[in-house]
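Residue numbers (our numbering), protein chains in the order written: chain X, 1 to 173; chain C, 1 to 173. Using N, Cα and C, we set each Cβ at its ideal position, and we do this for glycine too.
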């Protein structure tokens, strides 16, 4: 494997800036800790390989998110082939029950519930929601996903409404 | 991940692809070896001709698998395309391979199998009545036909699933 200092330098910068976001994406894509670690490694390797041909077609942030999400999507496709398919957010009626012991545990439970919900979504909904949770605006999400800004905004609206409904129903149980 | 770990994982990824290709070539080599031997060892011209045609079919399938593999590797390298473009390209690539399976995977073996089975069933050296010969030929043909039909049907189902996914992706954009 030939050394490419530019590629290595770009990767180190990107990993420092976006490593936590990649970890969160891996967590939202895979529940099993060991497989999640493998997925995260695949994301990092794919990112490093892709940066050999970084051509400035987009910002580094967009580049990193695209690579990470494409790796996650391919991974989930492979896992799902042969199993039951993903569902749209409208078909998810209930979130798993949470045991409420303390604020910290509640927050941790809520994050895990959210990740459990995200894992069930179809690819496009999953990608839009995880990018939205990274605080990206509709225009940035559109650039990463290739959807129109209008389509992104509509999806976010629908996803937020369904999430609010799901969490509200769980809280009232 | 450290750069050293990245480099190691990237090299392992390349190794996995080389192994996957090697397994395909080994399988083809076994078919070529088996039927190539028959082409020399079996003193029945029609069986020899059938064996040679099967070898040619196996080599053609090998070449096509290599072509598809190179396209897949090229696609792997460009993970920085937008999510919908990447996902769509993946689905289209898979669809192209599956929907043409008769042309590049099953079809190349048909001439050779017909001639080979005919050679086996109608060889002058086989001391059997015509009805028995036709029975041997029909049984061989039927058995092969069932396998080919099953492979074709499974692929057709997979193509339908992919078409639905592509349509959903186009609607989402």
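- Restricting attention to alpha helix (DSSP H) runs no shorter than 4 residues, the segment 35-91 of chain C encloses them at 45-77, ordered along the chain.
- Put simply, the CB of residue 41 of chain X is near chain C, with a gap under 9 Å to one of its CB atoms.
- Under the 10 Å beta carbon count, residue 143 of chain X is surrounded by 16 or more other beta carbons and is classified as buried.
- Contact annotation, residue 18 of chain X with residue 57 of chain X: C-beta distance approximately 17 Å; criterion of less than 8 Å not satisfied.
- In the DSSP assignment, residue 20 of chain X falls within the alpha helix (DSSP H) that extends over 5-29.
- Within the segment 117-138 of chain X, the residues whose Cβ lies closer than 7 Å to any Cβ of chain C are, in chain order, 123, 124 and 127.
- Here the C-alpha atom of residue 151 of chain C lies approximately 21 Å from the C-alpha atom of residue 21 of chain C.
- Residue 40 of chain C and residue 8 of chain C have their C-alpha atoms some 46 Å from each other.
- For residue 144 of chain X, the chain C residues whose C-beta falls within less than 7 Å of its own C-beta are 82 and 83, listed in chain order.
- Contact with chain C is absent for residue 75 of chain X, since none of that chain's Cβ atoms lies less than 9 Å from the residue's Cβ.
- Below the 8 Å Cβ cutoff, chain C contributes 3 as neighbours of residue 8 of chain X, in chain order.
- Any Cβ of chain X closer than 9 Å to the Cβ of residue 52 of chain C would place that residue at the interface, and such an atom is absent.
- Of the candidates X/44, X/156 and X/10, X/44 places its Cα closest to the Cα of residue 5 of chain C.
- Within its own chain, the residues whose Cβ lies closer than 8 Å to the Cβ of residue 73 of chain C, once the five positions on either side in sequence are excluded, are 17, listed in chain order.
- Per DSSP, residue 52 of chain X is not a residue of any alpha helix (DSSP H), being assigned neither H nor E.
- Shown here, residue 117 of chain C sits in a helix according to DSSP, grouped into three states.
- Contact residues of the segment 152-163 of chain C toward chain X are absent (C-beta to C-beta distance below 8 Å).
- For the segment 121-141 of chain C, there are no residues whose beta carbon sits under 8 Å from a beta carbon of chain X.
- The straight-line gap separating the alpha-carbon atoms of residue 45 of chain C and residue 37 of chain C is approximately 14 Å.
- Taking 8 Å as the upper bound on Cβ-Cβ separation, chain X lies near no residue of the segment 23-35 of chain C.
- Look at residue 169 of chain C here: in three-state DSSP terms it is helix.
- In the structure shown, residue 136 of chain X adopts coil according to DSSP, grouped into three states.
- A straight line joining the alpha-carbon of residue 164 of chain X with that of residue 115 of chain X spans about 14 Å.
- Out of X/27, X/75, X/38 and X/55, the CA that lies nearest to the CA of residue 6 of chain X is found in X/55.
- Taking 7 Å as the cut-off between beta carbons, the residues of the segment 19-52 of chain X near chain C are 41, 44, 45, 46, 48, 49 and 50, in sequence order.
- Residue state for residue 163 of chain X is assigned as helix, using DSSP reduced to three classes.
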